[in-house]
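Read left to right, the sequence shown gives residues 234 to 508 (our numbering). Here a beta-carbon is modelled for each residue, glycine too, at the ideal position from N, C-alpha and C. Data first, discussion second: the structure below is written as structure tokens.
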Amino acid sequence: MPLQFAVAGAPHGTPGSGGTVRGLQYAHSLGISAMELEWVQSVPKNPERMSEVRSTAESLGMTLTVHAPYFVNLNADDPGKLSASVRRILDALSMAQLCGAVSVCVHPAFYLEKDPAIALENVRKATDEIMEHKSRLFPDVNLGYETMGKPTQFGTLEEVLIISREFGIYPTVDPAHMHARSNGAWNTTEEWHAMFDLYAEYLGTSSLRKMHIHYSGIAYSMKGEKHHVPLEESDARWRDFLSVLKDRRIGGVVVCESPLLESDTLLLQEAFTAL
Ligand SMILES: [Zn+2]
């Protein structure tokens, strides 16, 4: 799949009462070919709505990805919280299957002061449980654990690559989160090449042709991510990032998580096309 730039949810300019179907139509009219469905507060429950989204996306030739709910911790001690987390992820994956999305971004866990190795083991166990349902509930959807923006969150690049390789899945790589988590690193051509080198080392060179990437400007401190900001108001060397995407022949979807939604998505897409 050639690289596509996705808007993170229905565009700001979506006419009428908004919603996913109108959002897809409006994004398409702007020349945008992909959208991430932002199920970050809750997962939709209605299968008929999902088939409506699916047929709209298919007729417009739009690629879909999903962002799963934030309320997830696969490293929770409380068995109730853990099973609710697994349930939310399974719900998101199942509904993503129904609407034809290719990959679901999931924030895997918080360390909760535990040793990262223990957190990794807990995420591994929960992933095993989730993947038992793959063939029945989400045969065509990827479980994409995200690289996370705060040092208190499970989700270094290595951590999500270790889990992804074990389960035959691929992560959601967010270089803005990596930049924030490290308080300023991961913002140069050399570092992004190293990022893709490590990715290919774990998942194989052909895995670079079908990625789930998030990108935006970001505000951060010693404690990592504060919030996403527009590309032009940030320190992101986003034009250099686009050149690396081009040089490495990266394929898949780059979701633009800027608060400006469609205008920054188009900024990235147009600058990429002009390269
Ligand atoms: Zn996310």
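As a quick exercise: from Glu291, Pro248, His300, pick the residue whose alpha carbon is nearest that of Leu263.
That would be Pro248, whose Cα lies nearest to the Cα of Leu263.
Any chance the segment 487 to 496 sits against the segment 414 to 434, with 3 or more Cβ pairs inside 8 Å?
No, because fewer than three Cβ pairs between the segment 487 to 496 and the segment 414 to 434 fall closer than 8 Å, the two stretches do not touch.
Residue range of the alpha helix (DSSP H) that includes Val319:
From DSSP, the alpha helix (DSSP H) with Val319 extends over 312 to 332.
Near Leu257, which residues of its chain fall below 7 Å by C-beta distance, leaving aside the five closest residues on each side in sequence?
The residues Met268, Thr289, Ala290, Leu293, Met295, in chain order, have a CB closer than 7 Å to that of Leu257 in the same chain once the five nearest residues on each side in sequence are set aside.
Is the distance from the Cβ of Ala241 to the Cβ of Leu494 below 8 Å?
Against a cut-off of 8 Å, the Cβ pair of Leu494 and Ala241 comes out as a contact.
For a quick check, are the C-beta atoms of Val339 and Leu376 less than 8 Å apart?
Result yes, Cβ atoms of Val339 and Leu376 sit closer than 8 Å.
For my contact list, Leu370 and Leu323 are in at a C-beta cut-off of 8 Å; report their separation, rounded to the angstrom.
With 8 Å as the limit, Leu370 and Leu323 qualify as a contact, their Cβ atoms being about 6 Å apart.
Where does Asp407 land, buried or exposed, given buried means 16+ other C-beta within 10 angstroms?
The residue in question, Asp407, is buried, as its Cβ has 16 or more Cβ neighbours within 10 Å.
Just confirm the distance between the C-beta atoms of His445 and Thr298, as a whole number of angstroms; I'd bet it's less than 8 Å.
So it is a contact: roughly 6 Å between Cβ atoms.
For Leu500, which residues from the same chain have a beta carbon less than 7 Å from its beta carbon, with the 5 sequence-adjacent residues on both sides left out?
Contacts found: Leu464.
Could you check if Cys489 belongs to the surroundings of ligand 1, using beta carbon to heavy atom distance under 7 Å?
Placement of the Cβ of Cys489 at a distance of 7 Å or more from every heavy atom of ligand 1 is found.
If you run the structure through DSSP and keep just helix, strand and coil, what is Met268?
Three-state DSSP puts Met268 in a strand.
Span of the beta strand (DSSP E), counted from its first residue to its last, around Val337:
Segment 336 to 339, the beta strand (DSSP E) holding Val337.
Exposed or buried, which one is Ser188 when buried takes at least 16 other CB atoms within 10 Å?
Since the first and last residues shown for the chain are 234 and 508, residue 188 lies out of range.
Is Glu285 near ligand 1 - that is, is its Cβ less than 7 Å away from at least one heavy atom of it?
Distances between the C-beta of Glu285 and the heavy atoms of ligand 1 are all 7 Å or more.
Contact between the segment 343 to 353 and the segment 449 to 465: three or more CB pairs below 8 Å?
As far as the Cβ criterion goes, the segment 343 to 353 does not touch the segment 449 to 465, which means the pair count is below three.
If you check the beta carbons only, do Leu236 and Leu478 fall under 8 Å apart?
Cβ atoms of Leu236 and Leu478: closer than 8 Å.
Which term fits Ile351, buried or exposed, when burial requires 16 or more other beta carbons within 10 angstroms of its beta carbon?
Its Cβ having fewer than 16 others within 10 Å, Ile351 is exposed.
Who are the near neighbours of Leu441 in its chain, counting only those whose CB is closer than 8 Å to its CB and skipping five residues on each side?
Hits under 8 Å: Phe429, Tyr432, Ala433, Arg481, Arg482, Ile483, Gly484.
Between which residues of its own chain and Arg472 is the CB-CB distance below 8 Å, once the five residues before and five after are set aside?
The answer, listed in chain order, is Ala504.
Does the Cβ-Cβ distance between Leu380 and Pro404 come in under 8 Å?
Residue identity differs from the one stated: residue 380 is Thr in this sequence, not Leu. Cβ distance < 8 Å, so Thr380 and Pro404 count as in contact.
Under three-state DSSP, which class holds Val276?
Looking at Val276 - three-state DSSP - the assignment turns out to be coil, as it is neither helix nor strand.
Nearest CA to the CA of Pro384: which residue from Ala342, Glu354, Asp373?
For the residues Ala342, Glu354, Asp373, the minimum Cα distance to Pro384 belongs to Ala342.
For ligand 1, I want to know if Cys332 counts as a neighbour, meaning its beta carbon is within less than 7 Å of at least one of the ligand's heavy atoms.
Taking non-hydrogen atoms of ligand 1 into account, the C-beta of Cys332 is found less than 7 Å away from none of them.
Quick one, which of Glu399, Met411, Leu436 has its alpha-carbon nearest Glu424's?
Restricting attention to Glu399, Met411, Leu436, the CA atom closest to the CA of Glu424 is found in Met411.
Determine which residues share a DSSP beta bridge with Ser454 and list them.
Per DSSP, Gly457.
So is Val240 in contact with chain D if we call contact Cβ pairs under 8 Å?
The question asks about chain D, but that chain is absent: this structure has only one protein chain.
Presumed contact (8 Å Cβ cut-off) between Phe387 and Val356, rounded CB distance
6 Å between Cβ atoms; contact.
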